[in-house]
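K.L.:
Have a look at this one before I ask anything.
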Amino acid sequence: MKASFSYQALLLVLMSTAVHVDVSSAKSGNNGDPRTWSVSGAELIEALEGKSDTGELGGEADRIKLAIKASAYIAGVADATSATAWCGAGSILPHELADRVYTYLRSAPPELLKGRASTLVIKGLAKSFPCAGQR
């Protein structure tokens, strides 16, 4: 119960500060229109590594901010899919979720990283924390 509360408290704090992965300058592959909410696997890796939209490392504060935004994104996907796509919510610390997803993303082929980050987060969590019937 206590681990679940601290996970929920962290998620609440992150969400209350309106944390999101900033891809507003990214272009969609279809018509060049700006995207404001869609995140690819490659963009999520860059954010977890603290790299800006240009792939460059900024100052320490910028790197930390990007990594926190990416971790909050992962926590949101994890919260939405817990007990349906993966199991272990409440017993796994948020930084462990981000670490397992990052490891999964780094092992994925480049073509797969062009896809939606949310789908890849779900696959990474399911691989690391499968439910009893999915092992």
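In this note's numbering, the protein residues as written are -5 to 129. For every residue, glycine included, the Cβ atom is placed at its ideal position computed from N, Cα and C. Source: prediction; values computed, not measured.
What would DSSP say about SER32, mapped onto helix, strand or coil?
P.N.:
Correct three-state label for SER32: coil.
K.L.:
Per DSSP, what are the beta-bridge partners of SER101 in this structure?
P.N.:
Paired residue(s): none; SER101 is not in a bridge.
K.L.:
Take ILE86 and list the residues in its own chain whose beta-carbon comes closer than 7 Å to its own, dropping the five residues that flank it on each side.
P.N.:
Excluding residues within five positions, the ones whose Cβ falls inside 7 Å are PHE123.
K.L.:
Throw me the rounded Cβ distance for the ALA92 and LEU60 pair, which I believe falls under 8 Å.
P.N.:
With a Cβ gap of about 12 Å, ALA92 and LEU60 do not count as contacting.
K.L.:
Measure the CB-CB distance between GLY118 and LEU106 and report whether it falls below 8 Å.
P.N.:
Their beta carbons are not under 8 Å apart, which means GLY118 does not touch LEU106 by this criterion.
K.L.:
Excluding five sequence neighbours on each side, which residues of the same chain lie with their C-beta closer than 6 Å to the C-beta of LYS21?
P.N.:
Note that LYS21 scores 44 on pLDDT, short of 50, meaning its location in the model is unreliable; the coordinates nonetheless yield the value given after this. Closer than 6 Å at Cβ, skipping near neighbours: no residue.
K.L.:
With a threshold of 16 other CB atoms inside 10 Å of the CB of GLU131, please say whether the residue is buried or exposed.
P.N.:
Because the chain spans -5 through 129 in this model, residue 131 falls outside it and cannot be assessed.
K.L.:
Give me the Cβ distance between VAL115 and ILE68, rounded to the nearest whole Å; I'm assuming they're in contact under 8 Å.
P.N.:
Right, the Cβ-Cβ distance comes to about 6 Å (below 8 Å), so this counts as a contact.
K.L.:
Around the Cβ of TRP80, are there at least 16 other Cβ atoms within 10 angstroms (buried) or fewer (exposed)?
P.N.:
With 16 or more Cβ atoms within 10 Å of its Cβ, TRP80 is classed as buried.
K.L.:
For VAL17, count neighbouring Cβ atoms within 10 angstroms of its own Cβ and tell me buried if that reaches 16, exposed if not.
P.N.:
Its pLDDT being 42, under 50, VAL17 is placed unreliably by the model, and the measurement read from it follows with that caveat. Answer is buried; the Cβ neighbour count reaches 16.
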